[in-house]
Amino acid sequence: MHNRLRARICIIAAALALLGLITGCGNKLSGDAGTTPTGAAGVSETPITGTQKEPDPAVTPASEQDVSFDWSEDDLLFADFLLYYVDCASEETDGWIDAGLCQSVSDMPYGEDPSTHMIWGYRENAAMVRAADSLGKGVTASKWEIDSGITDLTQAEICYDFRVPNGTYTVTLGFYNPFGVRRIDAECEGEILLASEKILRYQENEKSFTVEVSDGELNLKVFNSLIKNFMDTPILSYIKIAITPEYTKELLAAAVKAMAVEDPEAIYTAESSRNYLKAYEEALGFLARDGQAGTNAIKLKFNNLRESYKMLTKQYRYDSFKPGAVWRDTENTPIQAHGGQVQQMQIPDPETGEKVTKWVWVGEDKTNGYRGGVCAYSSDDLYNWKFEGIIMKNVPNRRVLDTDPYFRSVYAGYSSEELDNVALALSAERAVIERPKLIYNEKTDKYILWFHADGPTATSDSNYAAACAGVAVSDTPFGPYRFVGRYRLNT
849 MHNRLRARIC IIAAALALLG LITGCGNKLS GDAGTTPTGA AGVSETPITG
899 TQKEPDPAVT PASEQDVSFD WSEDDLLFAD FLLYYVDCAS EETDGWIDAG
949 LCQSVSDMPY GEDPSTHMIW GYRENAAMVR AADSLGKGVT ASKWEIDSGI
999 TDLTQAEICY DFRVPNGTYT VTLGFYNPFG VRRIDAECEG EILLASEKIL
1049 RYQENEKSFT VEVSDGELNL KVFNSLIKNF MDTPILSYIK IAITPEYTKE
1099 LLAAAVKAMA VEDPEAIYTA ESSRNYLKAY EEALGFLARD GQAGTNAIKL
1149 KFNNLRESYK MLTKQYRYDS FKPGAVWRDT ENTPIQAHGG QVQQMQIPDP
1199 ETGEKVTKWV WVGEDKTNGY RGGVCAYSSD DLYNWKFEGI IMKNVPNRRV
1249 LDTDPYFRSV YAGYSSEELD NVALALSAER AVIERPKLIY NEKTDKYILW
1299 FHADGPTATS DSNYAAACAG VAVSDTPFGP YRFVGRYRLN T
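As numbered in my numbering, residues 849 to 1339 make up the sequence shown, in order.
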């Protein structure tokens, strides 16, 4: 067996113990009693004891060679410790990509899972019927509800059972209710988790609880203790059952090892790589500290690392043009360079300063509407474009030219009258900036942005009163560009 999770997680101790029982001391899943060995490296030394429930005569127990709780540390970490994720009443159960470690299908009647051989599922009840929610999405698109023709309201319940190692679990129940407010009770392992809880209309209602299992099977029942008629009957959209880990430095160290990514910036988007590297380096630094660490602090570092790892997003890569499809940059964001220009240019390498050949694309940014300034992109092959930024920004109002650090830097040295002209010509509310073109001036070693500059003038409020060509200048191809002026071409 490779790489056991060395965190002090009681449930993993139970899982390993069950593996030992299955292979050496009888099949606990078939009902044989047993105790766990103690003192295993890195896991709880507390013995886990308990007897199994009587086997269901309708279920054929899995054989010893089929059942295994041999989860590696990677299995557990990458599954977020999730053992079951049930999409209740879903019709197509095969190929459930969000399945937990103990399941291969999204829902099933109580019995042996066809692939994992774990025993789990819903208790078949003639009153339970499948229902589709047209307004629901994903796991809220279907649910169990109670047949409207039910006459015996004591049968209005939804029951599931899950074979699991003994230990502590987080149980999450999801409800999507398209009708009037109803109340729900939930019982798990003989304990009331929800008591007449209001399930609100047109909302996804999710409730989570910590549950202890000591008999090898987690039993769940959803019902309504105050039921009076059909509109009071229970519903259930999804169930999650996850190991509740103990957050220790050993667990964090295992996560750091399992979630290490070499050179993430070469594969993933810049933003997701930055977030991941920050969380990863913080976790490493935390582990390097001497002394005891609080559970909450460890949990925070662990969750930050796990979430940033899960959010790593691969860069888009094209090897051909895709007519009619949204064209995305290397950060997976739709390209915003409308009415623009593409040309091959010699531009300075940002690291060495030496001139390199790149394709450069400038155009109008319409991310948030008509007036978003001018964007630039660079490429080596015309297919894949790196966003270089908004190289010339519209001006929200005259005041920001005196107060905003960006605008103050770009327009340093401009007189008050010149700033008035910038605010008018680049107004984010009224100015029109269209069809930008980029020119390199060899004599001055400057980059020139040339564009249709329109909008109101001092004598007219028309959006096309200016009818000018605009000029902006920068020391670098990707700005920031400083607006110089707008001019009639025939004057």
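From the three backbone atoms N, C-alpha and C, an ideal C-beta is built for every residue, glycine too. Nothing here was measured: the structure is a model prediction, and the numbers come from that model.
Tell me the DSSP secondary structure of residue i in three-state form.
i	result
Asn1053	strand
Ala889	Reliability fails at Ala889, whose pLDDT of 27 lies under 50, so the model's placement of it is uncertain and the value that follows must be treated cautiously. Note: Ala889 maps to coil in three-state DSSP.
Asn1067	strand
Ser1275	strand
Phe929	coil
Arg1011	strand
Ala1313	coil
Asp935	strand
Asn1269	helix
Val1190	strand
Met956	coil
Phe1134	helix
Glu1129	helix
Glu1060	strand
Asn1151	helix
Asn1025	strand
Val1208	strand
Ser990	strand
Tyr1166	coil
Arg1122	helix
Lys1340	Missing from the structure shown is residue 1340; the chain here goes from 849 to 1339 and no further.
Leu924	helix
Ala998	Per the sequence shown, residue 998 should be read as Ile rather than Ala. Correct three-state label for Ile998: coil.
Leu1099	helix
Ile1047	strand
Asn1338	coil
Pro1182	strand
Arg1176	strand
Arg1256	helix
Tyr1262	coil
Ser1308	coil
Asn1242	coil
Ile1075	coil
From the DSSP output, read off the bridge partner residues of residue i.
i	result
Ala1320	Leu1297, Phe1331
Leu1042	Ala1034
Asp1302	Val1280
Pro1196	Lys1203
Gly1237	Ala1224
Asn1018	Residue 1018 is actually Thr in this sequence, not Asn. In DSSP, Thr1018 forms a bridge with Thr1058, Ala1090.
Arg1247	None; Arg1247 has no bridge partner.
Ile967	Glu960
Ile1006	Val1070
Arg978	Trp992
Tyr1116	Lys1162
Leu1084	Trp992
Residue i: which of the options sits nearest, CA to CA?
i	options	result
Thr1307	Leu1286, Leu1272, Tyr1288	Leu1272
Ala1315	Thr1324, Asp922, Tyr1329, Phe1299	Phe1299
Asn1180	Gly1064, Tyr1262, Phe1235	Phe1235
Ala1224	Tyr1218, Asp1213, Asn1232	Asp1213
Asp1177	Lys1294, Gln1192, Trp1209, Thr1018	Trp1209
Trp992	Val1070, Trp1233, Pro1253, Met1240	Val1070
Ser1050	Ile1089, Ala989, Leu1068, Gln1184	Note that residue 1050 is Tyr in the sequence shown, not Ser. The candidate whose alpha carbon is nearest that of Tyr1050 is Ala989.
Ile1032	Met956, Asn1053, Leu1099	Asn1053
Gly1211	His1186, Gln1192, Glu1202	His1186
Arg1278	Thr1092, Ala1313, Glu1037	Ala1313
Trp968	Ala937, Gly943, Tyr1008, Gly948	Tyr1008
Asp1229	Gly1237, Gln1191, Arg1246, Met1240	Gln1191
Met966	Lys1294, Phe1010, Glu1199	Phe1010
Asn1067	Pro1244, Tyr970, Phe929, Glu1282	Tyr970
Ser952	Met1193, Glu1065, Tyr933	Tyr933
Thr1292	Arg1334, Asp1323, Asp1268	Asp1323
Pro1371	Arg978, Gly1303, Asp1167	Since the first residue of the chain shown is 849 and the last is 1339, residue 1371 is not available in this structure.
Gly1015	Leu1041, Ile998, Glu1094, Ala1131	Glu1094
Can you round the beta-carbon distance between residue i and residue j to whole angstroms, since I take them to be within the 8 angstroms contact cut?
i	j	result
Pro1284	Gly1188	6 angstroms
Thr1161	Thr1117	5 angstroms
Ser1062	Val1019	Actually they are not in contact, since the Cβ atoms of Ser1062 and Val1019 sit about 15 angstroms apart, beyond 8 angstroms.
Leu1125	Pro1112	7 angstroms
Thr1058	Thr1092	6 angstroms
Ala1114	Phe929	Incorrect: roughly 30 angstroms between the Cβ atoms, too far for contact.
Leu1297	Leu1286	6 angstroms
Can we count residue i as close to the ligand FAD, meaning its CB is less than 6 angstroms from some heavy atom?
i	result
Tyr1166	For the ligand FAD, the structure offers nothing, since it holds no ligand at all.
Contact between the region 1013-1028 and the region 982-989 (3+ Cβ pairs under 8 angstroms): yes
Inter-stretch contact at 8 angstroms, needing at least 3 Cβ pairs: the region 1124-1142 / the region 1075-1091: no
Contact the region 1036-1054 vs the region 944-962: 3+ CB pairs below 8 angstroms: Proximity of the region 1036-1054 to the region 944-962 falls short of the contact definition, fewer than three beta-carbon pairs being nearer than 8 angstroms.
The region 1251-1264 / the region 1147-1157 touching (three or more Cβ pairs under 8 angstroms): no
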